[in-house]
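Participant: Below you'll find the structure I mean.
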Amino acid sequence: MTTTRPNFVWPVIIIGVGIIMLMINADVIPEAYGDLLIRSWPVLMMMFGLNVLLAGRLRYANWAVLGLSIILVVMIARLAYARQSEEYRDDYREFWQDYLPIEVDTLVVEIDVNETRTTISNAPDARQVQAEFVGSTESNVDIDMEIQDNTATLRISESRTGILPRLAEVGRGTLTVFLPWAVEIDELNYTGDDGPATFDFTAMAIRWVDVDIGRGNVRLCLPADTTQTVVIGNIIRLGNGDLRMHVPDDTALKLNLGNTDNQPRYEPPARENDYVFEVGGDLETRVVVNNQFDVLLDIDVDGTFTLDHTATCQ
Numbered sequence: 041m042t043t044t045r046p047n048f049v050w051p052v053i054i055i056g057v058g059i060i061m062l063m064i065n066a067d068v069i070p071e072a073y074g075d076l077l078i079r080s081w082p083v084l085m086m087m088f089g090l091n092v093l094l095a096g097r098l099r100y101a102n103w104a105v106l107g108l109s110i111i112l113v114v115m116i117a118r119l120a121y122a123r124q125s126e127e128y129r130d131d132y133r134e135f136w137q138d139y140l141p142i143e144v145d146t147l148v149v150e151i152d153v154n155e156t157r158t159t160i161s162n163a164p165d166a167r168q169v170q171a172e173f174v175g176s177t178e179s180n181v182d183i184d185m186e187i188q189d190n191t192a193t194l195r196i197s198e199s200r201t202g203i204l205p206r207l208a209e210v211g212r213g214t215l216t217v218f219l220p221w222a223v224e225i226d227e228l229n230y231t232g233d234d235g236p237a238t239f240d241f242t243a244m245a246i247r248w249v250d251v252d253i254g255r256g257n258v259r260l261c262l263p264a265d266t267t268q269t270v271v272i273g274n275i276i277r278l279g280n281g282d283l284r285m286h287v288p289d290d291t292a293l294k295l296n297l298g299n300t301d302n303q304p305r306y307e308p309p310a311r312e313n314d315y316v317f318e319v320g321g322d323l324e325t326r327v328v329v330n331n332q333f334d335v336l337l338d339i340d341v342d343g344t345f346t347l348d349h350t351a352t353c354q
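When we follow the numbering used here, the leftmost residue of the sequence shown carries the number 41, and every step to the right adds one.
In structure tokens form, the structure reads like this:
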């Protein structure tokens, strides 16, 4: 007489799903787990088919099917989140605008973002400051400005909840910042985890630039008029990305490229003759009036560095 072994897999699955849904409704675990369960229901069909196909033919087939299904759900979830995280979203917006009082003559800008595409350029109005973030509901952006004496400080910071979001909430953001051109930008400190950035300083008077990006290409447009100010540092650091620096005519550069023997790319190539490159990473404009450099920067780029004399930032 043959004794049929009871199938414990389906009762375990039903009980497990019920417990998870109960915990989600009680806000014990993130709602995203319920979202994943709903999206993963076709796996139950696969499990049923494999269970019928392998039952009686493979020892512990029920548990093998359960383990295989769990692995499949995890792999597909990781792939789905990875693909969705590369998409730029517009589900969440944060807009801020103000005008600097007449007594303010310097501005400090501090920006800290995550996986965000950023563009910084001059404002239409001489004293206008404007910032707009468009992204996913996974992000939370704080924008504020503090004025002390004759200096204003603009702070923009992006944070994440830290809790696993629903798949529809995952995505990248876009930050657009307009800075005034009638006041001096005393400092611009920018930190980003992942995302391209454009810094158009063409019409600005800026003295201090500190950029640190984990991954992403950067386009940096130097001021067209350097008679009143000097870009004096600090560093442009890209963990994984290319840097294209647009250099206006008659702008004298003094750059430190770190301990490298590799020169940057020049566009057009004949512009290489305008510079002196020393082994060890020092790069200087060949002809400098009164030894007065307009731009002093350290460059640390894990990618291609290009000095572009062919086009403006527009």
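Cβ coordinates follow ideal geometry from the N, Cα and C atoms, glycine included.
Taking the alpha-carbon of V144 as reference, which of N154, E224 and V251 has the nearest alpha-carbon?
Facilitator: Ranking N154, E224 and V251 by Cα distance to V144 puts E224 first.
Participant: Alpha carbon to alpha carbon, how far is D290 from D322? Give it in angstroms, no decimals.
Facilitator: If you take the alpha carbons of D322 and D290, they lie about 19 Å apart.
Participant: Considering only the alpha carbon of each residue, which of N274, T350 and G58 lies closest to Y306?
Facilitator: Looking at the Cα atoms, T350 is the closest of the given residues.
Participant: Nearest-angstrom Cα distance between G126 and F218?
Facilitator: In the sequence as displayed, the identity of residue 126 is Glu instead of Gly. The alpha-carbon atoms of E126 and F218 are separated by roughly 25 Å.
Participant: Is A122 helix, strand or coil when you go by DSSP?
Facilitator: In this structure, A122 counts as helix in the three-state DSSP scheme.
Participant: Can you have a look at A166 and say buried or exposed, based on whether 16 or more other CB atoms are within 10 angstroms of its CB?
Facilitator: The residue in question, A166, is exposed, as its Cβ has fewer than 16 Cβ neighbours within 10 Å.
Participant: In this structure, what does DSSP give as the bridge partners for W248?
Facilitator: Paired residue(s): none; W248 is not in a bridge.
Participant: Reducing DSSP to helix, strand and coil, say where A351 ends up.
Facilitator: Coil, per DSSP.
Participant: In whole angstroms, what is the alpha-carbon distance linking L283 and A117?
Facilitator: Approximately 34 Å between the Cα atoms of the pair.
Participant: Quick test of the definition: if touching needs 3 or more C-beta pairs under 8 Å, does the segment 190-197 touch the segment 169-182?
Facilitator: At 8 Å Cβ cutoff, the stretches touch.
Participant: Three or more C-beta pairs closer than 8 Å, one from the segment 291-298 and one from the segment 243-251: is that the case here?
Facilitator: Output reads no: the segment 243-251 does not touch the segment 291-298.
Participant: Using the rule of at least 16 other Cβ atoms within 10 Å of the residue's Cβ for burial, across every protein chain shown, is A310 buried or exposed?
Facilitator: Label assigned to A310: exposed.
Participant: To the nearest angstrom, how far is the alpha carbon of R259 from that of I183?
Facilitator: Those two C-alpha atoms are separated by around 24 Å.
Participant: Enumerate, from N- to C-terminal direction, the unbroken alpha helix (DSSP H) stretches of 4 or more residues contained entirely within the segment 134-188.
Facilitator: As far as the segment 134-188 is concerned, it has no whole alpha helix (DSSP H) run of at least 4 residues.
Participant: Pick helix, strand or coil for R326, following the three-state DSSP scheme.
Facilitator: Note: R326 maps to coil in three-state DSSP.
Participant: Taking the alpha carbon of E253 as the point to measure from, which residue in R157, D131 and A120 has its own alpha carbon closest?
Facilitator: In the sequence under discussion, the amino acid at residue 253 is Ile, which differs from the Glu named in the question. Answer by Cα proximity: R157.
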